[in-house]
Amino acid sequence: MYGAETVQLKRGLLNKALRNVAIEEGIKIELGKKLMAITQTEQSATAIFDDATTATADFIIGCDGIHSATRKAIFPNAPNIAYTGLLSTGGFTKLDNVADLYGSIRMTFGEKSFFAYAVSNLGEIWWFNNISHAKEPARNELNTIDMSQLKNTLLELHKNDPKPIADIIKSADAIELYPIYDIPFLANWHKGRVCLIGDAAHATAPHIGQGASLALEDTIVLAQCIRDLATVETAFEKFQSVRQARVQKIVREARKVGDSKTVPSKFQQFFRDLLLPFLVKYEAKKMDWVYSYKVN
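For what it's worth, numbering that gives the first Met the number 0 labels the leading residue of the sequence shown as 0, then goes sequentially.
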């Protein structure tokens, strides 16, 4: 529909490929560093790490995710990330007799919870589930839930939903569990010679699949701004002015889609299931602004 085939791959493989290209280009990668603070002069920015080492450059780009240490360093009073009212579980598994599903993605608005899975052309199943959970869990609360307890919870949520959902859950050797957050609005993405991009600036819930896409768009636009404008500061200002309206709209849209995954009443379920087949084509067209976007 949008000029390119869908490609299913694990993010770790993409990260590995990008890392290899960076190394081939002579870019030094250092691991095991924890950012503690950033200092700036009129000509440079310096990152200070927990091992007492530092790194100084013309500018710093903070692409360190929703829990960004860069954001905390330059904007210590920035708004906190926002819990969206959903937990997500997921993992990888294999099942027999799924050859007819190779290369497909299935999504189910279940009776009590949302479930989706994709089957790779090698027969591996990649799946996730969204659980409505109004109260934000405490920082370590989810770590206390053991695998059997989590499996039983998921099986109970999906006991009346179509096959092979229950089989996928039963076959899982490991299940990830985490709360879903976003950043509803961050007024400034840059300060002096430091700029935030991707989830560090505008984290979005994953429900329309745009987190990594927005980050990749950011890199292209930011590179163009740095190339074309006279100073780093004006480049950062232009970057935010070009990107902010689009990303904020996507953050709001993703939150709206996530809200549709909360547990509906029987009445709401009936009309959702009745109308959904008719709305799919309309909704797909309505999302052209998201998926057909091209960076100028």
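Don't be surprised by glycine CBs; every beta carbon is placed ideally from N, CA and C.
Worksheet item: Taking buried to mean at least 16 other C-beta atoms within 10 Å of its own C-beta, is F308 buried or exposed?
Response: Nothing about residue 308 can be read from this structure; the chain reaches only from 0 to 295.
Worksheet item: E24: which of A16, G90, T69 sits nearest, CA to CA?
Response: Along the sequence shown, one-based indexing puts residue 24 at 25. Closest by alpha carbon: A16.
Worksheet entry | Buried/exposed call for T69, threshold 16 Cβ in 10 Å | Counted from its first residue, the sequence shown places residue 69 at position 70. Classification for T69: buried.
Discussion item. Please state whether the Cβ-Cβ distance between V76 and Y101 is less than 8 Å.
Written reply: By one-based count along the sequence shown, residue 76 stands at place 77. By one-based count along the sequence shown, residue 101 stands at place 102. For the record, residue 76 in the displayed sequence is Asn; it is not Val. No, the Cβ-Cβ distance between N76 and Y101 is not below 8 Å.
Fill in: Terminal residues of the beta strand (DSSP E) in which K293 lies
Position 294 of the sequence shown, counting from 1, holds the residue named residue 293. Element bounds for K293: n/a, residue is neither H nor E.
Worksheet item: Quick one: what's E123 bridged to in DSSP?
Response: Locating residue 123 in the sequence shown gives position 124, where the first residue counts as 1. Note: E123 sits in a beta bridge opposite K93.
Discussion item. Does the contact criterion of 3 or more C-beta pairs under 8 Å hold for the region 155 to 175 versus the region 26 to 36?
Written reply: no
Practice prompt. State yes or no: is the C-beta of A204 within less than 8 Å of the C-beta of R254?
Written response: Reading the sequence shown from its first residue, position 205 is the one you call residue 204. Reading the sequence shown from its first residue, position 255 is the one you call residue 254. Yes, the Cβ-Cβ distance between A204 and R254 is below 8 Å.
Worksheet item: Hey, K265 and S131: beta-carbon distance below 8 Å or not?
Response: On the sequence shown, position 266 is the one that residue 265 refers to. On the sequence shown, position 132 is the one that residue 131 refers to. Cβ distance not < 8 Å, so K265 and S131 don't count as in contact.
Worksheet item: Taking the C-alpha atoms as reference points, what is the distance between G84 and A44?
Response: Your numbering for residue 84 matches position 85 in the sequence shown. Your numbering for residue 44 matches position 45 in the sequence shown. Those two C-alpha atoms are separated by around 38 Å.
Discussion item. Taking a contact to mean a Cβ-Cβ separation below 8 Å, would you say L213 touches L176 in this structure?
Written reply: Counted from its first residue, the sequence shown places residue 213 at position 214. Counted from its first residue, the sequence shown places residue 176 at position 177. Against a cut-off of 8 Å, the Cβ pair of L176 and L213 comes out as no contact.
Fill in: Closest by C-alpha distance to Q267, when choosing among E110, A46, V6, P78
For the purposes of this step, residue 267 is taken as residue 268 along the sequence shown, with counting starting at 1. For Q267, the nearest C-alpha among the options comes from E110.
Worksheet item: Which first and last residues belong to the beta strand (DSSP E) in which D181 is found?
Response: To locate residue 181, count along the sequence shown from 1; it is residue 182. Per DSSP, the unbroken beta strand (DSSP E) holding D181 starts and ends at 175 to 181.
Worksheet item: Whole-angstrom Cβ separation of A199 and D63, contact assumed at under 8 Å?
Response: Here residue 199 is taken as the residue at index 200 of the sequence shown, counted from 1. Here residue 63 is taken as the residue at index 64 of the sequence shown, counted from 1. About 6 Å separates the two Cβ atoms, so the contact holds.
Discussion item. Considering Cα atoms alone, identify which of W126, Y290, R10 is closest to G90.
Written reply: To locate residue 90, count along the sequence shown from 1; it is residue 91. Residue W126 is the option with its Cα nearest to G90.
Worksheet entry | Beta-carbon proximity of T40 to I47, cut-off 8 Å | Here residue 40 refers to the residue found at position 41 of the sequence shown. Here residue 47 refers to the residue found at position 48 of the sequence shown. Not in contact: T40 and I47 (Cβ atoms no closer than 8 Å).
Worksheet entry | Among H201, Y82, A222, S240, nearest to W137 - alpha-carbon criterion | Sequence index remark: in the sequence shown, residue 137 carries index 138 (1-based). Per the sequence shown, residue 137 should be read as Ala rather than Trp. When only C-alpha atoms are compared, the closest one is Y82.
Practice prompt. Examine the ligand NAD and report whether any of its heavy atoms sits within less than 7 Å of the Cβ of R70.
Written response: With respect to the ligand NAD, the structure offers nothing, as it holds no ligand at all.
Item to complete: Pick helix, strand or coil for S240, following the three-state DSSP scheme.
Response: For the purposes of this step, residue 240 is taken as the residue at position 241 of the sequence shown. Note: S240 maps to helix in three-state DSSP.
Item to complete: Could you spell out the range, first to last residue, of the alpha helix (DSSP H) harbouring I26?
Response: Sequence index remark: in the sequence shown, residue 26 carries index 27 (1-based). It is not in any alpha helix (DSSP H) - I26 carries neither H nor E in the DSSP assignment.
Discussion item. For T88, count the other beta carbons within 10 Å of its own beta carbon; 16 or more makes it buried, fewer makes it exposed. Which is it?
Written reply: Within the sequence shown, residue 88 is the residue found at index 89, counting from 1. Under this definition T88 is a buried residue.
Worksheet item: Which residue comes first and which comes last in the beta strand (DSSP E) that contains G210?
Response: Counting from 1 along the sequence shown, the entry for residue 210 is found at position 211. Note, G210: premise wrong, no beta strand (DSSP E); alpha helix (DSSP H) at 210 to 227.
Practice prompt. Leaving out five residues on either side along the sequence, give the residues of the same chain with a beta carbon under 6 Å from the beta carbon of V359.
Written response: Any question about residue 359 goes unanswered here, given that the chain covers just 0 to 295.
Fill in: Status (buried if at least 16 other CB within 10 Å, exposed otherwise) for H206
Here the question's residue 206 lines up with position 207 in the sequence shown. Looking at its Cβ environment, which holds 16 or more other Cβ atoms inside 10 Å, H206 is buried.
Worksheet item: Got a sec, what are the start and stop residues for the alpha helix (DSSP H) I168 sits in?
Response: Sequence index remark: in the sequence shown, residue 168 carries index 169 (1-based). Looking at the DSSP string, the run of the alpha helix (DSSP H) that includes I168 is 164 to 170.
Practice prompt. Inspect the beta-carbon positions of L228 and A222 and report whether they are closer than 8 Å.
Written response: Within the sequence shown, residue 228 is the residue found at index 229, counting from 1. Within the sequence shown, residue 222 is the residue found at index 223, counting from 1. Their beta carbons are not under 8 Å apart, which means L228 does not touch A222 by this criterion.
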